[in-house]
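Data first, discussion second: the structure below is written as structure tokens.
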Amino acid sequence: MPEKSNPTRRDVVKAAGVVTAAAAVANLQGAPAILKVRAASDQMKYGMIGTGGRGGYLLKHLTKIDNGHCAAICDLDDTRLEKAAATIGTSPAKYKDYRELLADKNVEAVLIAVPLFEHYAVTKDSLQAGKHTFCEKSLVFKPEEIHALRALKAQYPKQVLQVGLQRRYSKFYQLAKELVDKGVLGNVTHIHAQWHRNPGWVMNGFNWRLYKEYSGGLSAELASHQIDIADWIFGSAPDFVMGLGGLDTWKDGRDVYDNIQLIYQYPHGRKVVYSAITTNAHLPLLNSTRPEFGEVIMGTAGSLELTVGDGESTMPTAMWYREPVKVTAAKAEGKAPATAAGASYALGGSQKGMPIKLATDQLKVDPNDSFLQREKKFAQRWLYTKGVMADDEDRNPVETELESFFNDCHNNGHPKADLEVGLADSTAVILSNLCMEQERRVYFKEMDTMGTNVSPQQMAANFAAAQSSYSRSLIAKKKVS
Ligand SMILES: NC(=O)c1ccc[n+]([C@@H]2O[C@H](COP(=O)([O-])OP(=O)(O)OC[C@H]3O[C@@H](n4cnc5c(N)ncnc54)[C@H](O)[C@@H]3O)[C@@H](O)[C@H]2O)c1
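Shown next, in the form of structure tokens:
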């Protein structure tokens with residue numbers, strides 16, 4: 000009898016060891032957001048530079064973390080500064096010049112969420128001011144900044160440098176990595192990833208991410224997260240990238256592509272096929288239960304569909320599919336043993352996905368649950384028994400990444416999303432844009448020499464010019480998106 004395409008008990012048991020291990024990892028990382036009262040000396044005193052969209056989001060989640068204390072905030076914009084102070088509620092010192100925040104002796108660690116073109120300069124100044132530093136992705140913007148930041152960080156080995164690639168802190172993504180490393184998916188040869196939006200970024204006042212002068216466009220803002228996951232899963236950077244980008248729909252003055260299609264080749268012929276578009280948000284993964292973004296990791300023995308969710312109404316989740324078993328024609332007809340030369344084919348038919356379960360305890364109704372929490376759990380349990388949805392992770396990985404950052408600052412730990420992870424990610428972003436602009440295959444080894452002839456003085460002059468044009472745009476367009 001040919002085997003069914005559903006996971007067998009043996010597969011489940013094999014995977015269960017991995018799942019249990021993942022749950023153990025998760026437990027080590029801290030319990031769900033139950034705020035313990037910590038002594039002030041146990042809290043890392045941090046300052047945030049850039050309290051716009053992302054900075055505001057981080058601050059909201061920082062209120063659920065007890066091992067950090069917001070001592071200072073900085074933004075060019077008064078309204079955003081006031082809003083941020085109200086969000087965090089710790090009466091932080093307020094600055095408009097980030098250098099003043101860096102000079103504040105009360106600040107031990109710095110979180111940076113300014114536009115991409117400023118990441119390098121602010122990160123550099125933060126390290127030189129002696130601060131532990133968390134910078135949002137993409138870590139840097141230009142080839143010369145990759146080389147310069149690597150050299151600079153080597154001078155500050157005791158300071159933590161972490162990048163805002165939160166998927167690395169998600170239990171489901173850690174589980175995916177374990178499933179791959181333990182061979183549960185067989186030989187993983189391909190990853191498909193997408194981030195589709197509808198509409199894309201809208202031109203509403205001045206939006207820096209729509210201009211190449213300040214932004215790496217869709218590659219930097221969206222693909223960076225998912226290419227980082229591919230690097231992690233495959234355990235290396237790509238060999239080369241090729242792609243096609245277009246500015247075909249949003250003819251509103253932006254100069255970044257509004258749709259990109261990229262193919263990355265990794266060692267041993269492994270490939271990532273990537274798509275980001277801004278005209279349709281459908282996600283054909285996870286039984287289409289989620290929109291916009293996700294990844295499918297494909298191996299000879301199975302596939303894993305994953306998404307990180309938006310961290311607010313939806314959390315990370317994953318679904319595992321076992322690959323239909325290849326049988327010989329003779330075997331299928333019951334004429335075993337099959338000959339080596341016999342024609343072989345794969346069984347057809349649809350596969351039933353198996354939700355990856357992290358902790359069903361999360362779905363137990365607690366007397367303290369709100370009405371909405373109870374309803375959500377009932378719905379999830381029902382869906383779970385139908386096999387159409389995986390359990391959610393119990394915590395937004397953004398909270399885990401920030402808590403982990405403060406722990407590493409305290410304990411001299413090493414972040415999962417460290418300097419080299421960030422630089423590899425930035426390299427992928429820069430080269431992805433280059434391959435589309437120059438309409439050629441771009442090799443990752445080209446980065447070894449790219450930007451090496453730009454002097455620190457030239458870098459400073461280029462940055463000053465970009466900063467003054469950014470300030471002029473802010474004043475001219477007034478409203479910041
Ligand atoms: N990890 C993620 O999932 C994620 C999600 C969204 C954004 N981001 C990243 O966060 C960064 C910020 O993005 P955003 O959406 O918040 O942009 P934004 O424009 O909403 O916010 C940037 C803020 O920085 C301030 N700013 C600019 N230059 C400054 C300076 N020199 N000193 C002080 N303040 C300054 C601006 O006034 C603005 O309030 C980007 O690099 C982006 O890629 C990461």
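Residue 480 is where the sequence shown ends in numbering that gives the first Met the number 0, and the numbering goes up by one at each step.
Cβ atoms here follow ideal geometry from the backbone N, Cα and C, with glycine treated the same way.
Given the structure is predicted, the values throughout are model-derived calculations rather than measurements.
Here the C-alpha atom of His-413 lies approximately 12 Å from the C-alpha atom of Val-420. Note that the C-beta distance between Lys-93 and Ala-84 is below 8 Å.
Only exposed fits Asp-309, as fewer than 16 other CB atoms lie within 10 angstroms of its CB.
In the DSSP assignment, Met-241 falls within the beta strand (DSSP E) that extends over 239-245. Shortest gap from the CB of His-118 to any heavy atom of ligand 1: under 7 Å. Of the heavy atoms belonging to ligand 1, none sits nearer than 7 Å to the Cβ of Glu-177.
Distance check between Gly-51 and each of Ile-111, Leu-61, Met-446 places Ile-111 closest, using alpha-carbon atoms only.
Looking at the DSSP output, Leu-261 sits in a beta bridge with Gly-242, Tyr-273.
Look at the beta carbons and you see the segment 460-474 not touching the segment 293-300: under three pairs across the two are nearer than 8 Å. Taking every protein chain shown into account, the CB of Leu-61 has 16 or more other CB atoms within 10 angstroms, so this residue is buried.
Following the DSSP letters along the chain, one finds Met-43 inside the beta strand (DSSP E) bounded by residues 43-48. Leaving aside the five residues that flank Phe-377 on each side, the residues in its chain whose CB is nearer than 8 Å to its CB run, in chain order, Val-364. Under the three-state reduction of DSSP, Thr-188 is assigned to strand. Counting of Cβ neighbours within 10 angstroms places Ile-474 among the exposed residues, the total staying below 16. Between the segment 37-47 and the segment 65-84, the count of Cβ pairs shorter than 8 Å is three or higher; the stretches touch.
Contact fails between the segment 224-235 and the segment 434-447, because fewer than three Cβ pairs, one in each stretch, are under 8 Å apart. Cβ neighbours of Asp-251 within its own chain (closer than 7 Å, five residues either side excluded): Met-202. With a cutoff of 8 Å on beta-carbon distance, Asn-197 and Ala-120 are scored as not near each other. Per the DSSP secondary-structure output, Cys-134 pairs in a beta bridge with Ile-111, Val-162. Secondary structure of Arg-321 (DSSP, three-state): strand.
For Tyr-168, same chain residues with a beta-carbon under 7 Å away, outside a window of 5 residues either side, are Pro-396, Thr-399, Glu-400, Ser-403, Lys-415 in chain order.
Less than 8 Å separates the beta-carbon of Met-47 from that of Leu-58. Ile-145 and Val-139 have their C-alpha atoms spaced approximately 7 Å apart.
For Lys-93, the enclosing beta strand (DSSP E) begins and ends at 92-94. The beta carbon of Arg-53 sits closer than 7 Å to at least one heavy atom of ligand 1.
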